[in-house]
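The next block holds one structure in the form of structure tokens; read it before the comments.
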Amino acid sequence: MRRFMIDRRFRPTLEALENRSVPSTTVTAAYRPLEFDFEASFSGNNTFPPVNDEDPGAMSDWSGALAGSGKVTYTSPTAGTGTFSGTGVDAQGTGSNMFGDITYTFKLSASGSFTFTSETIRVSRTGFGMTITEREGSGPTDGTPLPPSPSTEAAFDPLAGLNVDWYFPIGDLGSRSGNFMMENFAQSTTAKTDLAASSVTIKNGIMTGVVTITGQLMTDAATPESASFVQAFWATGASRNDIIGEAMEDPVDVAWNHGKLTIVTTDLIARPMNATHLLFVADSGDLIIEDNEVNNVAAFAITPEMAPKATLSNTGPVGERGQVQVKFTGQSSPLGVDSNVYRYAYDWNNDGVWDVGEGTAGGLAGAVQTVPFEFVDAGPGTRTIKGRIFGKFGGYRDYTTTIEIRNAPPKATFAGPVREGQASSVAFTNLSDSAADAAAGFRFAYDFNNDGKWELGDGSYAGGSTSASANVPAQFNLDGSAKKFIKGRIIDQDGGFTDYLVNVENVAPAATFANGGTINEGGSATVAFTNPTDPAPADTSAAFRYSYDLNNDGRWDVGNGAYAGGVTRASHTFVIPDNGPRTVKGRITDKDGGSTDYTTTIAVNSLAPAALFKNSVLGKVNENGVATVSFSGQTDPSSVDKAKGFRYSYDFDNDGIWELGNGAYAGGVTTASKAIPASFLADGARALTVKGRITDKDGHSNDYTTVINVLNVAPTAALKNDGPKGVGQNVTFTFYSIADVSPVDKLAGFTFSFDWNNDGTFDESGADAVRQHAFSTAGSHKVRGRIQDKDGGFRDYFTTVTIR
Numbered sequence: 061m062r063r064f065m066i067d068r069r070f071r072p073t074l075e076a077l078e079n080r081s082v083p084s085t086t087v088t089a090a091y092r093p094l095e096f097d098f099e100a101s102f103s104g105n106n107t108f109p110p111v112n113d114e115d116p117g118a119m120s121d122w123s124g125a126l127a128g129s130g131k132v133t134y135t136s137p138t139a140g141t142g143t144f145s146g147t148g149v150d151a152q153g154t155g156s157n158m159f160g161d162i163t164y165t166f167k168l169s170a171s172g173s174f175t176f177t178s179e180t181i182r183v184s185r186t187g188f189g190m191t192i193t194e195r196e197g198s199g200p201t202d203g204t205p206l207p208p209s210p211s212t213e214a215a216f217d218p219l220a221g222l223n224v225d226w227y228f229p230i231g232d233l234g235s236r237s238g239n240f241m242m243e244n245f246a247q248s249t250t251a252k253t254d255l256a257a258s259s260v261t262i263k264n265g266i267m268t269g270v271v272t273i274t275g276q277l278m279t280d281a282a283t284p285e286s287a288s289f290v291q292a293f294w295a296t297g298a299s300r301n302d303i304i305g306e307a308m309e310d311p312v313d314v315a316w317n318h319g320k321l322t323i324v325t326t327d328l329i330a331r332p333m334n335a336t337h338l339l340f341v342a343d344s345g346d347l348i349i350e351d352n353e354v355n356n357v358a359a360f361a362i363t364p365e366m367a368p369k370a371t372l373s374n375t376g377p378v379g380e381r382g383q384v385q386v387k388f389t390g391q392s393s394p395l396g397v398d399s400n401v402y403r404y405a406y407d408w409n410n411d412g413v414w415d416v417g418e419g420t421a422g423g424l425a426g427a428v429q430t431v432p433f434e435f436v437d438a439g440p441g442t443r444t445i446k447g448r449i450f451g452k453f454g455g456y457r458d459y460t461t462t463i464e465i466r467n468a469p470p471k472a473t474f475a476g477p478v479r480e481g482q483a484s485s486v487a488f489t490n491l492s493d494s495a496a497d498a499a500a501g502f503r504f505a506y507d508f509n510n511d512g513k514w515e516l517g518d519g520s521y522a523g524g525s526t527s528a529s530a531n532v533p534a535q536f537n538l539d540g541s542a543k544k545f546i547k548g549r550i551i552d553q554d555g556g557f558t559d560y561l562v563n564v565e566n567v568a569p570a571a572t573f574a575n576g577g578t579i580n581e582g583g584s585a586t587v588a589f590t591n592p593t594d595p596a597p598a599d600t601s602a603a604f605r606y607s608y609d610l611n612n613d614g615r616w617d618v619g620n621g622a623y624a625g626g627v628t629r630a631s632h633t634f635v636i637p638d639n640g641p642r643t644v645k646g647r648i649t650d651k652d653g654g655s656t657d658y659t660t661t662i663a664v665n666s667l668a669p670a671a672l673f674k675n676s677v678l679g680k681v682n683e684n685g686v687a688t689v690s691f692s693g694q695t696d697p698s699s700v701d702k703a704k705g706f707r708y709s710y711d712f713d714n715d716g717i718w719e720l721g722n723g724a725y726a727g728g729v730t731t732a733s734k735a736i737p738a739s740f741l742a743d744g745a746r747a748l749t750v751k752g753r754i755t756d757k758d759g760h761s762n763d764y765t766t767v768i769n770v771l772n773v774a775p776t777a778a779l780k781n782d783g784p785k786g787v788g789q790n791v792t793f794t795f796y797s798i799a800d801v802s803p804v805d806k807l808a809g810f811t812f813s814f815d816w817n818n819d820g821t822f823d824e825s826g827a828d829a830v831r832q833h834a835f836s837t838a839g840s841h842k843v844r845g846r847i848q849d850k851d852g853g854f855r856d857y858f859t860t861v862t863i864r
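The opening position of the sequence shown corresponds to residue 61 in this note's numbering, with each subsequent residue numbered one higher.
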């Protein structure tokens with residue numbers, strides 16, 4: 061632990077000297093013999109007794125006295141660690157503490173004694189002084205300084221005491237400016253040492269320039285590990301607790317030489333002259349500063365005009381508990397250097413107690429402040445706010461501003477509900493106002509039909525009701541609407557009031573809404589309202605209006621959903637073109653626009669389409685002929701189905717298998733007529749039944765059939781012989797150019813018959829188309845031949861042969 065002890069014996073007293081060609085100030089410092097009071101405290105072994113020189117019982121543990129090179133011894137019966145504090149005082153009792161508290165920590169490894177000497181305590185006896193000489197003419201000259209004021213020096217005897225006078229010719233600095241020569245010196249225990257002189261300028265009470273101060277700091281190290289320097293000010297005569305400190309602004313050059321400290325700074329005394337100016341060597345880490353005072357610069361007088369100036373105003377008027385600000389504007393300082401470094405304090409009720417900033421130069425930096433609500437709580441009235449503005453060096457000026465506080469009307473929530481035809485009440489809740497108004501209580505008034513006449517209370521505080529709620533008389537809520545209100549008023553003690561409205565709510569009518577039952581698509585349906593009711597007789601008397609949305613798509617088809625656009629009939633009949641279900645919405649509306657919506661769902665059956673199904677051959681066609689079947693005259697009860705279009709399926713032989721289409725709507729064809737494929741007409745004779753189906757979009761269908769007689773067609777051929785021949789010779793007869801329109805018949809083959817004598821009886825039959833026959837008589841012989849298909853269709857042919 062390192063200790064820095066700085067001599068504090070110089071406490072100058074300033075006396076202004078008048079009527080001198082070179083004004084000056086005399087500083088007198090008195091040096092007298094020293095003696096000490098002692099006290100000690102210990103930690104560790106609790107048997108260490110607390111000791112101080114004011115405790116007669118403890119003094120037996122101390123022996124000796126410290127004066128000059130004297131010593132004092134403390135004897136302890138046990139081991140432990142203790143802290144010794146010595147306090148130096150003026151031996152004659154006329155001075156104040158010169159050395160401050162000197163603290164030394166020690167440790168006893170065993171019981172015994174410990175001796176403190178003056179060397180241990182390291183008493184320092186070095187002081188500082190300066191002489192400032194005004195240059196001639198208080199302005200730039202040839203540089204020749206005026207002779208300094210006389211000063212008195214004497215040898216320093218620490219035991220006998222020493223009086224030394226220093227002269228500070230500083231002039232009337234409150235109004236004068238000039239160039240000065242400052243000569244510095246150090247006063248040690250034996251002699252005065254002159255230091256380097258510096259040129260300084262004093263302007264409007266501010267001294268600037270380069271100051272070099274050399275002081276003797278007693279330390280047990282050649283160079284301290286670290287140290288920082290702080291300047292401080294306090295007003296003349298003020299408590300040391302009111303010190304305003306700040307770090308030195310300009311660079312500080314520090315030289316250490318085994319306890320001797322030299323500080324060079326241009327910032328040391330560049331301050332207004334109305335405060336004592338100190339240099340502090342601050343604690344840094346493990347450095348303990350025994351005494352911070354290095355030098356006292358004389359307390360120069362400053363005039364009140366040198367304090368900063370400003371305007372203090374407010375943003376009022378303001379309502380009770382409203383937001384209002386006070387603000388300093390137009391700040392200025394005669395010192396110039398105060399710019400942008402102002403501080404502020406505020407006394408919200410001007411009672412002499414600062415509420416913000418504590419009235420010191422360490423106050424707020426903000427020039428604009430919001431006044432707390434509680435200081436603008438009661439109106440109408442005024443509130444005087446005091447504000448203080450500080451300059452950078454402690455000068456200040458006080459201002460006041462008066463805020464007009466207007467009475468703010470009370471606030472509340474006014475609500476019901478109030479519904480027509482129902483017992484109802486209204487009430488004020490969430491009441492708020494200034495604390496004084498709230499404490500006094502509110503009054504209330506009620507105008508139940510909002511006609512400007514109060515039914516309960518008279519609208520004033522004196523005539524108001526104390527009840528924050530009221531039952532609504534039945535006659536005032538028989539009928540409700542968006543235009544009918546109950547008015548309520550809340551009033552404070554100052555007559556401030558706020559009016560509120562509560563709507564007398566209209567209650568929508570009610571009814572039963574139903575339909576007439578299931579219908580077929582394309583049929584007529586009826587929906588109807590029955591048993592309509594409303595709690596307001598006036599609404600029932602005015603009659604209700606109705607609107608109908610026939611497919612519940614959000615658009616009204618009959619009426620427009622409002623009272624004015626509604627219809628008076630409570631039922632409606634309409635056609636439903638398509639199968640259902642069909643949801644219908646109905647609305648009943650009263651004269652005040654209150655309405656209730658209902659829906660009803662109608663079951664709508666789907667019906668199959670119808671058509672005429674026929675063939676194009678009037679019921680018969682030769683085999684392997686051409687025929688067409690077709691639908692015509694298609695109808696459907698549903699116009700929707702008809703507009704959508706139908707689909708068709710065909711079973712050409714009515715065997716239950718659809719040859720075209722699949723019997724469903726999705727698989728059907730859109731062709732309403734179709735040629736019968738040749739395969740179904742290839743063979744006759746037979747009756748061909750063709751089935752056709754017509755289907756609508758809902759899958760409902762009708763089946764129809766038509767019959768076509770497929771006629772058999774006889775085959776054709778030609779018959780020839782290879783005559784003439786002789787009697788008894790074979791004649792060859794041949795059917796040739798054989799044909800049949802039916803490929804089936806053709807594939808099945810034919811039967812050939814021969815009547816050799818054309819007597820009507822066939823003599824030979826078979827599948828062969830070529831036969832031989834020999835005739836027994838000569839002459840001309842006619843032969844009949846027949847070709848016949850499998851279905852019995854035939855044709856006869858003749859040929860004549862000559863027999864020789």
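Backbone N, C-alpha and C define an ideal beta-carbon position, used for all residues, glycine too. Because the structure is a prediction, the values reported are computed rather than measured.
Check	Outcome
For the alpha helix (DSSP H) that contains Ala-499, what are its first and last residues?	495 to 500
Expressed to the nearest angstrom, what Euclidean distance is found between the alpha-carbon atoms of Glu-380 and Ala-427?	23 Å
Pick helix, strand or coil for Asp-599, following the three-state DSSP scheme.	helix
For Thr-649, count the other beta carbons within 10 Å of its own beta carbon; 16 or more makes it buried, fewer makes it exposed. Which is it?	buried
Going by beta-carbon coordinates alone, are Ala-588 and Ala-630 separated by less than 8 Å?	yes
Measuring only from the beta carbon, is Val-686 closer than 7 Å to any heavy atom that is part of the ligand FMN?	This structure simply doesn't include the ligand FMN, nor any ligand for that matter.
Where do the N-terminal and C-terminal ends of the alpha helix (DSSP H) with Pro-803 fall, by residue?	803 to 808
Answer with buried or exposed for Gln-152, where buried requires no fewer than 16 other C-beta atoms within 10 angstroms of its C-beta.	For Gln-152, the predicted model reports a pLDDT of 34, less than 50, meaning its position is unreliable; a value from the coordinates is still stated below. That one is exposed.
If you draw a straight line from the alpha carbon of Thr-792 to that of Thr-837, how long is it in whole angstroms?	17 Å
Check each candidate in Asn-684, Gly-716 and Pro-784 and name the one with the smallest Cα separation from Ser-739.	Asn-684
Look at the alpha carbon of Asp-411 and the alpha carbon of Thr-489, and state the distance between them as a whole number of angstroms.	37 Å
Taking just the CA atoms, how far does Pro-592 sit from Val-564?	22 Å
From the DSSP output, in three-state form, read off Val-700 for me.	helix
Compute the Euclidean distance between the alpha carbons of Ser-560 and Thr-660, then round it to the nearest angstrom.	Rather than Ser, the amino acid found at residue 560 in this sequence is Tyr. Tyr-560 and Thr-660: Cα-Cα distance of roughly 43 Å.
Contact between the segment 747 to 756 and the segment 779 to 790 is defined here as three or more beta-carbon pairs at a separation below 8 Å; is this criterion met?	no
Here's the rule: buried if 16 or more other CB atoms are within 10 angstroms of the residue's CB, otherwise exposed. What is Phe-858?	exposed
Looking at the structure shown, is Val-436 part of a helix, part of a strand, or coil, going by DSSP?	helix
Go to Arg-864, then tell me how far its beta strand (DSSP E) extends in each direction, as first and last residue.	That residue, Arg-864, is in no beta strand (DSSP E); it is neither H nor E in DSSP.
Do the segment 730 to 737 and the segment 704 to 714 meet, that is, are 3 or more Cβ pairs less than 8 Å apart?	yes
How would you write the range of the beta strand (DSSP E) that Asn-639 sits in, first residue to last?	It is not in any beta strand (DSSP E) - Asn-639 carries neither H nor E in the DSSP assignment.
Among Asp-613, Ser-655, Gly-640 and Thr-643, which residue has its Cα nearest to the Cα of Gly-625?	Ser-655
Note down the Cα distance separating Val-378 from Asn-467, rounded to an integer number of angstroms.	9 Å
Where does the unbroken beta strand (DSSP E) through Glu-824 begin, and where does it stop?	824 to 826
Which term fits Tyr-796, buried or exposed, when burial requires 16 or more other beta carbons within 10 angstroms of its beta carbon?	exposed
Does the pairing of the segment 529 to 540 with the segment 476 to 483 give three or more beta-carbon distances under 8 Å?	yes
DSSP state of Leu-678, grouped into three classes?	coil
Please report the straight-line C-alpha distance between Tyr-679 and Ile-768, rounded to a whole angstrom.	Inspection of the sequence shows that residue 679 is occupied by Gly rather than by Tyr. Distance between the alpha carbons of Gly-679 and Ile-768 is about 4 Å.
Beta-carbon separation of His-445 and Tyr-402 under 8 Å?	Just to set this straight, residue 445 is Ile in the shown sequence, not His. Not a contact, by the Cβ cut-off of 8 Å.
Between the Cα of Thr-937 and those of Phe-388, Ala-367 and Thr-862, spot the shortest distance and give me the residue it belongs to.	Here the chain comprises residues numbered 61 to 864, so residue 937 is not present and cannot be evaluated.
Just how far apart, CA to CA, sit Gly-632 and Pro-595?	Note that residue 632 is His in the sequence shown here, rather than Gly. The straight-line gap from Cα to Cα measures roughly 26 Å.
What span of residues does the beta strand (DSSP E) with Asn-781 cover, start to end?	776 to 781
Nearest to Ala-522 by CA position, among Asp-763, Asp-815 and Phe-502, is which residue?	Phe-502
When DSSP builds the beta bridges, which residues end up paired with Glu-380?	Answer is none; Glu-380 lacks a bridge partner.
With a threshold of 16 other CB atoms inside 10 Å of the CB of Ile-847, please say whether the residue is buried or exposed.	buried
Exposed or buried, Thr-766, counting other C-beta atoms within 10 Å across all chains shown (16 or more means buried)?	buried
For Phe-536, does the three-state DSSP call read helix, strand or coil?	helix
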